[in-house]
Amino acid sequence: MTSRPHLPQLVPIDTYGNGGFRFGGMSHRGSLLCLPSGMYAWDVATPDQITEASLELAFAERDEIDSFFVGTGRTSALLSTSLRKALREAPLNTETMQTGAAIRIFNILVGEQRRVAAALLAVT
Numbered sequence: 001m002t003s004r005p006h007l008p009q010l011v012p013i014d015t016y017g018n019g020g021f022r023f024g025g026m027s028h029r030g031s032l033l034c035l036p037s038g039m040y041a042w043d044v045a046t047p048d049q050i051t052e053a054s055l056e057l058a059f060a061e062r063d064e065i066d067s068f069f070v071g072t073g074r075t076s077a078l079l080s081t082s083l084r085k086a087l088r089e090a091p092l093n094t095e096t097m098q099t100g101a102a103i104r105i106f107n108i109l110v111g112e113q114r115r116v117a118a119a120l121l122a123v124t
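Just so you know, UniProt numbering puts 58 at position 58 of the sequence shown, and the rest follows in order with no gaps.
Encoded structure:
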């Protein structure tokens with residue numbers, strides 16, 4: 001993951017699939033971390049790779065986030081017990097679900113200018 005965003009603002013996801021996302025007139029291959037500070041490449045490909053370290057930027061921006069959605073790909077997957085504990089203690093109000101469902105909710109909340117963030121696994 002890079003500490004420099006592809007786009008330095010939070011925008012809706014236009015489309016997803018084929019291993020990537022389209023947003024803000026841009027195309028991105030791979031997973032995506034959508035934070036108040038911008039849209040970042042996220043070097044995670046499977047649910048078991050989602051760790052506290054991979055979500056370091058989200059933890060850093062926790063005071064700017066009311067709702068955090070984790071899209072785990074085509075199927076819903078549980079995060080590890082230790083990560084769920086760290087998210088609760090942060091606190092980061094987190095929901096995990098399929099990537100498509102996470103994008104739909106994320107887009108609605110971005111449109112309402114809510115304090116939202118998402119970590120989205122790419123879907124092939």
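Every residue gets a Cβ at the ideal spot worked out from N, C-alpha and C, and that includes glycine.
Just so you know, these numbers come straight off a predicted model, no measurement behind them.
Determine, using beta carbons only, whether A77 and T96 come nearer to each other than 8 Å.
Closer than 8 Å, so yes.
Shortest alpha-carbon distance to residue 133 belongs to which of R62, S31, V110?
Given a span of 1 to 124 for the chain in the structure shown, any question on residue 133 remains unanswerable.
From what residue to what residue does the beta strand (DSSP E) around G25 run?
Premise fails: G25 is in no beta strand (DSSP E) and is neither H nor E.
I'd like the span of the beta strand (DSSP E) that includes E95, first residue to last.
First-last of the beta strand (DSSP E) with E95: 94–97.
Quick one: is G71 buried, meaning 16 or more other Cβ sit within 10 Å of its Cβ, or exposed?
Label assigned to G71: buried.
Checking the sheet assignment: what are the DSSP bridge partners for S67?
Answer is V116.
With burial defined as no fewer than 16 other Cβ atoms inside 10 Å of the residue's Cβ, what is the status of M26: buried or exposed?
So M26 counts as exposed.
Kindly indicate which three-state DSSP category L87 falls into: helix, strand or coil?
Three-state DSSP puts L87 in a helix.
Thinking C-beta only, is V44 closer than 8 Å to S54?
In contact: S54 and V44 (Cβ atoms closer than 8 Å).
What residue from L79, T75, I103 has the CA that sits closest to L33's CA?
Minimum Cα distance to L33 is reached at I103.
Determine whether the Cβ of R88 lies closer than 8 Å to any Cβ atom of chain C.
No chain C appears in this structure, which consists of one protein chain only.
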